[in-house]
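Per my numbering, the sequence shown runs over residues 24 to 600. Cβ coordinates follow ideal geometry from the N, Cα and C atoms, glycine included. It should be emphasised that the depicted structure is a prediction, and the values quoted were computed from it without experimental measurement. Some notes on the structure that comes next.
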Amino acid sequence: PDVMLGRLTNSDASVGPKFLLPIVSLSVAVILFEGGLTLRISELKEAGGSVLRLVTVGALVSWLLTALAARWLLGLDWRMATLLGAILVVTGPTVVMPLLRHIRPSRRVGSVVKWEGIVIDPIGAVLAVLVFEQVFSGLAHGHEQTTMLATLPLILKTVAIGGLLAVTAAALLVLLVKHYWVPDYLHGVVFLSVALAVFAVSNALQHESGLVTVTVLGVILANQKSVRIHHVIEFKEHLGVFLISCLFIVLGSRLDPRDLLNLGGWGAAFLAALIIVIRPASVLLSTLRTKLNIRERVFLAFLAPRGIVAAAVTSVFALKVAAAAAHRDELQQLAAEADKLVPITFLVIVGTVAVYGLLAAPLARWLKLAEPNPQGILFAGAEKWIRQIAAALHKEGRRVLLVDTNYTNVSAARMEGLPADCASILSEHVRDELDLGGIGRMLAMTPNDEVNAMAVREFAHVFGRANVYQLPPWDSATGRRASISEHLRGRLLFGEGLNHDELEQHVARGAVVKKTKLTDEFTIDDFQDMYGEAAIVLFVLDNTKHITICTADKPPKFRSGQTLIALVPGDAIREEQ
Numbered sequence: 024p025d026v027m028l029g030r031l032t033n034s035d036a037s038v039g040p041k042f043l044l045p046i047v048s049l050s051v052a053v054i055l056f057e058g059g060l061t062l063r064i065s066e067l068k069e070a071g072g073s074v075l076r077l078v079t080v081g082a083l084v085s086w087l088l089t090a091l092a093a094r095w096l097l098g099l100d101w102r103m104a105t106l107l108g109a110i111l112v113v114t115g116p117t118v119v120m121p122l123l124r125h126i127r128p129s130r131r132v133g134s135v136v137k138w139e140g141i142v143i144d145p146i147g148a149v150l151a152v153l154v155f156e157q158v159f160s161g162l163a164h165g166h167e168q169t170t171m172l173a174t175l176p177l178i179l180k181t182v183a184i185g186g187l188l189a190v191t192a193a194a195l196l197v198l199l200v201k202h203y204w205v206p207d208y209l210h211g212v213v214f215l216s217v218a219l220a221v222f223a224v225s226n227a228l229q230h231e232s233g234l235v236t237v238t239v240l241g242v243i244l245a246n247q248k249s250v251r252i253h254h255v256i257e258f259k260e261h262l263g264v265f266l267i268s269c270l271f272i273v274l275g276s277r278l279d280p281r282d283l284l285n286l287g288g289w290g291a292a293f294l295a296a297l298i299i300v301i302r303p304a305s306v307l308l309s310t311l312r313t314k315l316n317i318r319e320r321v322f323l324a325f326l327a328p329r330g331i332v333a334a335a336v337t338s339v340f341a342l343k344v345a346a347a348a349a350h351r352d353e354l355q356q357l358a359a360e361a362d363k364l365v366p367i368t369f370l371v372i373v374g375t376v377a378v379y380g381l382l383a384a385p386l387a388r389w390l391k392l393a394e395p396n397p398q399g400i401l402f403a404g405a406e407k408w409i410r411q412i413a414a415a416l417h418k419e420g421r422r423v424l425l426v427d428t429n430y431t432n433v434s435a436a437r438m439e440g441l442p443a444d445c446a447s448i449l450s451e452h453v454r455d456e457l458d459l460g461g462i463g464r465m466l467a468m469t470p471n472d473e474v475n476a477m478a479v480r481e482f483a484h485v486f487g488r489a490n491v492y493q494l495p496p497w498d499s500a501t502g503r504r505a506s507i508s509e510h511l512r513g514r515l516l517f518g519e520g521l522n523h524d525e526l527e528q529h530v531a532r533g534a535v536v537k538k539t540k541l542t543d544e545f546t547i548d549d550f551q552d553m554y555g556e557a558a559i560v561l562f563v564l565d566n567t568k569h570i571t572i573c574t575a576d577k578p579p580k581f582r583s584g585q586t587l588i589a590l591v592p593g594d595a596i597r598e599e600q
């Protein structure tokens, strides 16, 4: 890319970084802003002080041990090793967030990982700035480095500028949205523009404070209650994925593969030290006497992939070190070592992503912090017939959770031994505070079709569109005049026309939920002969207890060994008895 940018500007390749690195910095700012928008203060209640200790005590331990490993294993000058240790403190939300979506661990440990991954990035960038100012800035100007005490004003200035600009920008955006001064279709662009503006202003006032500013801005906007910004978060999420993909390609293309090979066995040893020694030591020391149990601490100890932020920060500081060393002939060795920073960092990125990406999910399952394919079901509604369905699944060992605004229904569910919560399925309480670990699907079964449709849209972001279902609307046969548009609906449960009222009438006529095992001797044809066409197959469980939810668009295929959970007529049950 450096050569290409040089050609575009009719100059040599040295001009490329002057154009490329600002673009990289702005992209990282957008990524961290998007990450801040996903952080909920309520999640910290479960984690206790674990996150704070991980990003302070844990970061300090990681910095010191990484610096020692770089000095002893890679043979770097102690100044360069200290800088590399500061940069590699970050864990990288660009990799952590996709891993969490894939693994879906328990709520508490997932919150800790997410908060640490996002908050540690600006901390790592600021720490790298302080190290550079402490070690290299004075050398570049021909005098000794500044004292540690002299860096304290830099820290205070960074925090003050970041906090003040973030609060001001957040108040401005909330004011614009609250008073409808910006049309809805421009919200995403305006939020992006303001975030980039405060990032630039913050960096102009205090070097590398912009990452702190945009992260704090995202957190403030995510936790304010004045305006709703879900559509902005979705826009930023799509943009973040695009930028991450581009940055990995662009920054990776600046690296010569031979530079990675030149690191040899000592590079592999350094990577192994990060994974096997440094990260576990950092986590175990920083989480002593916290609410996290030993299984959660072990999982955190083996999950610290580095991402594009580490690569971007390394690229910036490698150039700065080379420029600082260029002013003095006796420091040319530092310039040579600065060229090693980028390949070392990319080795760490590739290595940690590969190791943690392959091992994190099996480790979470082994520690019983996650399920490979969550089969639990969240029910919107807790009426009697819904409780019967949930009880049948619960007896099969599947996790269920019923949510209803009717306390009588919720109380009855709890009396029957079913987990239930009295709340609206559309409330933030359900999405942000209930533990949805082990739950992979949502069934909207309330008598209100509009609530069902809204619940589907809400939880499509949590479980994916393929795993959110609703009962057919009562007026689905009216075509274009239907009360709910097609694009607002989820997958229709059980069959066309089997809306809430129809199913309730079946139950009122005596229909009950029954479990039936299919065998070579008792096939689906025998089942239909016994219970008639009025029998409605709701769920199919195979030998591995995988649940197939019957839908109107994809009828299940029946075979021997399956267990059917069906709503069958009461008369047929009495005749069978």
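- In terms of Cβ geometry, F562 and I572 form a close pair [threshold 7 Å].
- Sequence-distant Cβ neighbours of A296 in its own chain, meaning closer than 7 Å and more than five residues away, are A92, L96.
- In the three-state DSSP reduction, Q398 falls in the coil class, being neither helix nor strand.
- Of the other Cβ atoms in all chains shown, 16 or more fall within 10 Å of the Cβ of G58; this residue is therefore buried.
- Burial check for M27: the Cβ neighbour count within 10 Å stays below 16, so the residue is exposed.
- A residue is called buried once 16 or more other Cβ atoms fall within 10 Å of its Cβ, and I372 is buried on that count.
- Y203 carries a coil assignment under DSSP once its states are collapsed to helix, strand and coil.
- Note: I570 is bridge-paired with L564 in the DSSP secondary-structure output.
- Looking at F155, S129, L111, the one whose alpha-carbon comes closest to that of G140 is L111.
- Under DSSP, Q493 forms a beta bridge with A467, L515.
- For K540, the enclosing beta strand (DSSP E) begins and ends at 535-540.
- In this chain, the beta strand (DSSP E) harbouring I588 covers 586-591.
- In this structure, the CA atom of L386 is about 47 Å from the CA atom of D552.
- If you check the CB distance, G463 and P397 come in under 7 Å.
- The C-beta distance from F482 to M465 rounds to 4 Å, short enough to meet the 8 Å contact threshold.
- Around L308, the same chain offers V80, G81, V84 as residues with beta carbons nearer than 8 Å, after the five sequence neighbours per side are excluded.
- Cβ contact annotation for A335 (same chain, cutoff 6 Å, sequence separation greater than five): V47, V51, in chain order.
- Between the region 277-291 and the region 99-109, the count of Cβ pairs shorter than 8 Å is below three; the stretches do not touch.
- Assigned with DSSP and collapsed to three states, D427 falls in strand.
- Taking C-beta atoms as the reference points, A414 and L425 fail to come closer than 7 Å.
- If the five residues before and after Y379 are omitted, its C-beta is found closer than 6 Å to the C-beta atoms of L326, P328, all from its own chain and listed in chain order.
- Looking only at H523, D576, L515, the smallest Cα-Cα distance to V479 is reached by L515.
- Under the three-state reduction of DSSP, A443 is assigned to strand.
- Of the candidates F265, P121, A589, the residue whose Cα lies closest to the Cα of E556 is A589.
- By the Cβ test, the region 146-154 is not in contact with the region 193-206, since fewer than three Cβ pairs between them sit closer than 8 Å.
- Contact between the region 247-254 and the region 221-237 is absent: fewer than three C-beta pairs spanning the two stretches fall below 8 Å.
- When DSSP states are grouped into helix, strand and coil, A403 belongs to the strand group.
- Within the model, the alpha-carbon separation for F155 versus V237 is close to 22 Å.
- The shortest CA-to-CA distance from E419 to any of L62, T61, K538, K407 is the one to K538.
- In the structure shown, I146 falls within a helical segment according to DSSP collapsed to helix, strand and coil.
- Taking the Cβ atoms as the reference, L188 lies roughly 5 Å from V221, within the contact range of under 8 Å.
- By the neighbour-count definition (other C-beta atoms within 10 Å, threshold 16), G185 is a buried residue.
- In the DSSP annotation of this structure, A575 is not part of any alpha helix (DSSP H), being labelled neither H nor E.
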